[in-house]
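Novice: So that we are looking at the same thing, I have put the structure below in structure tokens.
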Amino acid sequence: MPFVEIKDLAMAYYRDSQKIAVLEGVDLEVEEGQFVALMGPSGSGKTTLLNILAGLDKAESGSVIVDGQNVGAMSHKQLAAWRSRHIGFVFQFYNLLPVLTAFQNIELPLLLTHLSKQERRDHVRTVLDIVGLADRADHYPGQLSGGQQQRVGIARAIVSDPSIILGDEPTGDLDAASADEILTLLQRLNQEYHKTIIMVTHDAKAAERADVIVHLDKGVLTA
Amino acid sequence: MKFARLVLANLGRSKRRTILTALSVTVAFFLFASLRSILTTLDANAEVGSEARLIASSATGITFPLPQAHINRIQAVEGVKSVSWSNWFGGVYIDQRNFFAQFAIDSDSYLAMYPELLIPEDQRRAYLGERTAALVGAGLMERFGWRLGQTVTLQGTIFPGDWEFTIRGVYTPENPSFGDESFYFHYDYLFERTNRQVTPGWFTIQLDAPDQAAAIGSRLDALFENSSAPTKTETERSFQAGFVTMWGNVSLLVRAIGTAVFFAILFVAANTMMMAARERVGEVAVLKTLGFQNGTLFGIVMTEAIIICVVGGVIGIGLAVMSMSSFRAIQSFLPGFSVTPGTVWLGIGIAVVLGAITGIVPALQASRLSVVEALRRV
């Protein structure tokens, strides 16, 4: 059974009484440990698909099964708890809390667990080492470069050891060198730590780092 | 506790805004504590008089004297235990602004009637044994830095001339609302220096039984009804309450202004908190994406609002407590004026409730936020 199984997924928005289809009959299977790049033009439904996968949005029809769990059948409360354990989310604009240090930002998902303060500290130190920012733990986001902020964002996404990492254009706001560093880091997480990654991107060069590239056009998966 | 750092970090996000918001709450609660203390003091003062003592003053008005001859006739009424008499002196100490109450009293009968005036025995004897002696409240001694044995000169206004007194006794009241800023001296001194021209301003009557107060009061007024000086007799408590009711409109005004200012400032604080929450919509969406539950986010935002209100409130009440205790001049007008523990606890309770009220809208906004919508705006 695939790790992620999306079947006949449809999603639409309504403006007044007009229906605007965003996703139509999307079928996708992702194996555990696979690195998938989801490409497509703006408005093709990539982010919507990612949001549905993360349980942030509800599909109109179809099903989303992640690691054997039907995401669409969960309540808001169950989804929040499920996300905190199984999903690591990496945003395009990093979305770090400016009032917290890198360490504190990374620690946020662990506040939702039963780990002790010492255990939380150990976990954060470990992922800071993985993303190569051990010496920036006490820096605030405003004191870090874009690439460093995104590495903090990735550290935050993996600190609770989720089953799957979802990236919404994680290199979209970075220069070429920083983007390359981030992609290398994601590739390492996939290859060394066997993390399943689904990454939305516009960038064909970024997509090349993935095992599988799928295209979404006008809400329909084309390849 | 795990989220304490997040709450504190959010409060420190815009230090200036947090401080200004807390300061506006501080001002509101300073006003609340100060103005409520005026009202509680007025209420306490209305309760200070005894139900077992009657005050008989001229039916025409308190400023009209009564004849000395009334004393024996009052004493003869059944149920009357003892009678004392007093006069308002109205002198000035150095400057008009140094106002305090001065009473010429028939000291033996008066002090016997007022065990609530606590006086060391040696000082009581010294006071009773000297014609020009004065008995002064501890608060008044402190206000003017007077010492026992010191000679104090008052300029008479109703009774002209310089009046010299030697402070021989200092009293402290059993109940602070009684006040400790009065100045007592012997009625005999006033009587003799005015060539026996003065007569009592009012009589204080001790009863055998308090439950007879209404009946005896009516009997006394009936006794003098057709005399040249009819009386108006009431219990000491209602006599005192009569003075307090003169503050009636002030009390209403204080209440109205206080309430209006209090709520105006709190609306400003609530608005600021809502603005602060609106600016964090994106961050709340991120926290939800990480798995934060709606209830957790509601609690975090609510806690921030309550902390601002409670910190501001406690500082405001604390400032009121400190400033009221050092503001001695008001004691002459409102004896026992202070911020009561009841006001302090009520203030803290209101601060918590207002924190919850001002926090509920931003907290609900945070907990009900649509993540997808909010992330689209980031």
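If you're matching them up, the sequences are chains Y and C in order.
Going by my numbering, the first sequence wraps up at 263, each residue one higher than the last.
Going by my numbering, the second sequence wraps up at 376, each residue one higher than the last.
Every residue gets a Cβ at the ideal spot worked out from N, C-alpha and C, and that includes glycine.
Being a predicted model, the structure only gives us computed values, none of them experimental.
Could you tell me how far apart the beta carbons of residue 237/Y and residue 75/Y are, in whole angstroms, since I believe they sit closer than 8 Å?
Specialist: Within the first sequence, the letter at position 197 stands for residue 237/Y. Within the first sequence, the letter at position 35 stands for residue 75/Y. Right, the Cβ-Cβ distance comes to about 5 Å (below 8 Å), so this counts as a contact.
Novice: Excluding the five sequence neighbours on either side, which residues of its own chain have a C-beta within less than 7 Å of the C-beta of residue 345/C, listed in chain order?
Specialist: In the second sequence, residue 345/C corresponds to position 347, counting from 1. 27, 30, 31, 311, 315, listed in sequence order.
Novice: Hey, out of 275/C, 92/C, 362/C, whose CA is closest to residue 15/C's CA?
Specialist: Locating residue 15/C in the second sequence gives position 17, counting from the first residue. Comparing Cα-Cα distances from residue 15/C to each of 275/C, 92/C, 362/C, the minimum goes to 275/C.
Novice: Is it buried or exposed, residue 73/C, if we count other Cβ atoms within 10 angstroms and call 16 or more buried?
Specialist: As a first step, residue 73/C is located in the second sequence; it is residue number 75 there, counting from the start. It is exposed - the Cβ of residue 73/C has fewer than 16 other Cβ atoms within 10 Å.
Novice: Under 8 Å Cβ-Cβ, which residues of chain C neighbour residue 47/Y?
Specialist: Residue mapping note: residue 47/Y aligns to position 7 of the first sequence, counting from 1. For the C-beta of residue 47/Y, not a single chain C residue is nearer than 8 Å; the gap to the nearest is close to 22 Å.
Novice: Suppose the cutoff is 8 Å on Cβ atoms and the five residues either side in sequence are ignored; what does the same chain contact list for residue 186/Y look like?
Specialist: Taking the first sequence and counting its residues from 1, the one referred to as residue 186/Y is at position 146. Excluding residues within five positions, the ones whose Cβ falls inside 8 Å are 134, 213, 214, 215, 218.
Novice: Can you name the residues that DSSP bridges to residue 240/Y?
Specialist: Within the first sequence, the letter at position 200 stands for residue 240/Y. Looking at the DSSP assignment, residue 240/Y forms a beta bridge with 78/Y, 208/Y.
Novice: Sorted by chain position, which residues of the same chain lie with C-beta nearer than 8 Å to residue 35/C's C-beta, five sequence neighbours on each side aside?
Specialist: The residue you call residue 35/C lines up with position 37 of the second sequence. These residues qualify, in order along the chain: 318, 322, 335, 336, 337, 338, 341.
Novice: Residue 232/C: buried (16+ other C-beta within 10 angstroms of its C-beta) or exposed?
Specialist: For the purposes of this step, residue 232/C is identified with residue 234 of the second sequence, where counting begins at 1. Residue 232/C comes out buried.
Novice: Within the continuous beta strand (DSSP E) that includes residue 232/C, where are the two ends?
Specialist: Translated into the one-based positions of the second sequence, residue 232/C becomes position 234. Where residue 232/C is concerned, the enclosing beta strand (DSSP E) stretches over 229 to 233.
Novice: How would you label residue 151/C, buried or exposed, when you count the other beta carbons within 10 angstroms and need 16 or more for buried?
Specialist: Position 153 of the second sequence, counting from 1, holds the residue named residue 151/C. Burial call: exposed.
Novice: So, are the CB atoms of residue 53/C and residue 170/C less than 8 Å apart?
Specialist: On the second sequence, residue 53/C is found 55 positions in, with the first residue counted as 1. On the second sequence, residue 170/C is found 172 positions in, with the first residue counted as 1. No, they are not a contact pair.
Novice: Which whole-angstrom value is the C-beta distance of residue 97/C and residue 180/C, which I expect to be below 8 Å?
Specialist: Here residue 97/C corresponds to residue number 99 of the second sequence, with the count starting at 1. Here residue 180/C corresponds to residue number 182 of the second sequence, with the count starting at 1. With a Cβ gap of about 12 Å, residue 97/C and residue 180/C do not count as contacting.
Novice: Against residue 289/C, what residues of chain Y qualify as contacts under a CB-to-CB distance less than 7 Å, listed in chain order?
Specialist: Taking the second sequence and counting its residues from 1, one reaches residue 289/C at position 291. In chain order: 120, 121, 123, 124, 149, 152.
Novice: Just checking my contact of residue 200/Y with residue 124/Y at CB under 8 Å: how many whole Å lie between their CB atoms?
Specialist: On the first sequence, residue 200/Y is found 160 positions in, with the first residue counted as 1. On the first sequence, residue 124/Y is found 84 positions in, with the first residue counted as 1. That belief holds up - the Cβ atoms of residue 200/Y and residue 124/Y are roughly 7 Å apart, short of 8 Å.
Novice: Residue 296/C: which of 80/C, 218/C, 359/C sits nearest, CA to CA?
Specialist: Residue mapping note: residue 296/C aligns to position 298 of the second sequence, counting from 1. Nearest option by C-alpha distance: 359/C.
Novice: So, helix, strand or coil for residue 100/C, using DSSP?
Specialist: Here residue 100/C refers to the residue found at position 102 when the second sequence is read from its first residue. Strand.
Novice: Please state the DSSP three-state secondary structure of residue 281/C.
Specialist: Numbered from 1 along the second sequence, position 283 holds the residue referred to as residue 281/C. Helix, per DSSP.
Novice: Would you tell me roughly how many angstroms separate the C-alpha atoms of residue 172/Y and residue 209/Y, rounded to the nearest one?
Specialist: In the first sequence, residue 172/Y corresponds to position 132, counting from 1. In the first sequence, residue 209/Y corresponds to position 169, counting from 1. Each residue's alpha carbon lies about 21 Å from the other.
Novice: Have a look at residue 78/C and residue 206/C and give me their C-alpha separation to the nearest angstrom.
Specialist: As a position in the second sequence, residue 78/C is number 80, starting the count at 1. As a position in the second sequence, residue 206/C is number 208, starting the count at 1. Roughly 6 Å separates the two Cα atoms.
Novice: With H, G and I counted as helix, E and B as strand and the rest as coil, what does DSSP make of residue 41/Y?
Specialist: Here residue 41/Y refers to the residue found at position 1 when the first sequence is read from its first residue. Coil, per DSSP.
Novice: When burial is assigned at 16 or more other CB atoms within 10 Å of the CB, is residue 84/C buried or exposed?
Specialist: The sequence position of residue 84/C within the second sequence is 86, counting from 1. Flag for residue 84/C reads buried.
Novice: Could you give the distance in angstroms between the alpha-carbon of residue 186/C and the alpha-carbon of residue 349/C?
Specialist: On the second sequence, position 188 is the one that residue 186/C refers to. On the second sequence, position 351 is the one that residue 349/C refers to. Residue 186/C and residue 349/C: Cα-Cα distance of roughly 55 Å.
Novice: Starting from residue 359/C, trace the alpha helix (DSSP H) in both directions and tell me its first and last residue.
Specialist: One-based indexing of the second sequence puts residue 359/C at position 361. Unbroken alpha helix (DSSP H) run through residue 359/C: 339 to 366.
Novice: To the nearest angstrom, how far is the alpha carbon of residue 148/C from that of residue 189/C?
Specialist: Reading the second sequence from its first residue, position 150 is the one you call residue 148/C. Reading the second sequence from its first residue, position 191 is the one you call residue 189/C. Approximately 23 Å, taken between the alpha carbons.
Novice: So residue 321/C is in the alpha helix (DSSP H); what residue range does that whole segment cover?
Specialist: In the second sequence, residue 321/C corresponds to position 323, counting from 1. From DSSP, the alpha helix (DSSP H) with residue 321/C extends over 292 to 324.
Novice: Taking Cβ-Cβ distances below 7 Å as the criterion, which residues of the stretch 300 to 324 of chain C are in contact with chain Y?
Specialist: none
Novice: Is residue 224/C helix, strand or coil when you go by DSSP?
Specialist: The residue you call residue 224/C lines up with position 226 of the second sequence. Note: residue 224/C maps to coil in three-state DSSP.
Novice: Around the Cβ of residue 216/C, are there at least 16 other Cβ atoms within 10 angstroms (buried) or fewer (exposed)?
Specialist: Against the second sequence, residue 216/C aligns to sequence position 218. Exposed, by the Cβ-count rule.
Novice: If residue 271/C sits next to residue 24/C, beta carbons under 8 Å apart, how far is it from one beta carbon to the other, in whole angstroms?
Specialist: To locate residue 271/C, count along the second sequence from 1; it is residue 273. To locate residue 24/C, count along the second sequence from 1; it is residue 26. At roughly 15 Å, the Cβ-Cβ gap does not stay under 8 Å, so residue 271/C and residue 24/C are not in contact.
Novice: Put residue 193/C into one of helix, strand or coil per three-state DSSP.
Specialist: Along the second sequence, read from residue 1 onward, the residue named residue 193/C stands at position 195. DSSP places residue 193/C in coil when its eight states are reduced to three.
Novice: Would you check if the distance between the CB atom of residue 60/Y and the CB atom of residue 53/Y is smaller than 8 Å?
Specialist: Reading the first sequence from its first residue, position 20 is the one you call residue 60/Y. Reading the first sequence from its first residue, position 13 is the one you call residue 53/Y. In contact: residue 60/Y and residue 53/Y (Cβ atoms closer than 8 Å).
Novice: Run through DSSP, which three-state label would residue -1/C get?
Specialist: Here residue -1/C refers to the residue found at position 1 of the second sequence. Residue -1/C: coil per DSSP, three-state reduction.
Novice: Pop quiz: residue 68/Y and residue 260/Y are said to be a contact at Cβ under 8 Å. What is the actual Cβ separation, rounded to whole angstroms?
Specialist: Taking the first sequence and counting its residues from 1, one reaches residue 68/Y at position 28. Taking the first sequence and counting its residues from 1, one reaches residue 260/Y at position 220. Contact flag wrong, Cβ pair sits at about 12 Å.
Novice: Any beta-carbon of chain C closer than 8 Å to the one on residue 59/Y?
Specialist: Sequence index remark: in the first sequence, residue 59/Y carries index 19 (1-based). Not one chain C Cβ lies under 8 Å of residue 59/Y.
Novice: Below 7 Å between beta carbons is the criterion; list the residues of the stretch 133 to 148 of chain Y that meet it against any residue of chain C, in chain order.
Specialist: 133, 135, 137, 139, 140, 144, 148
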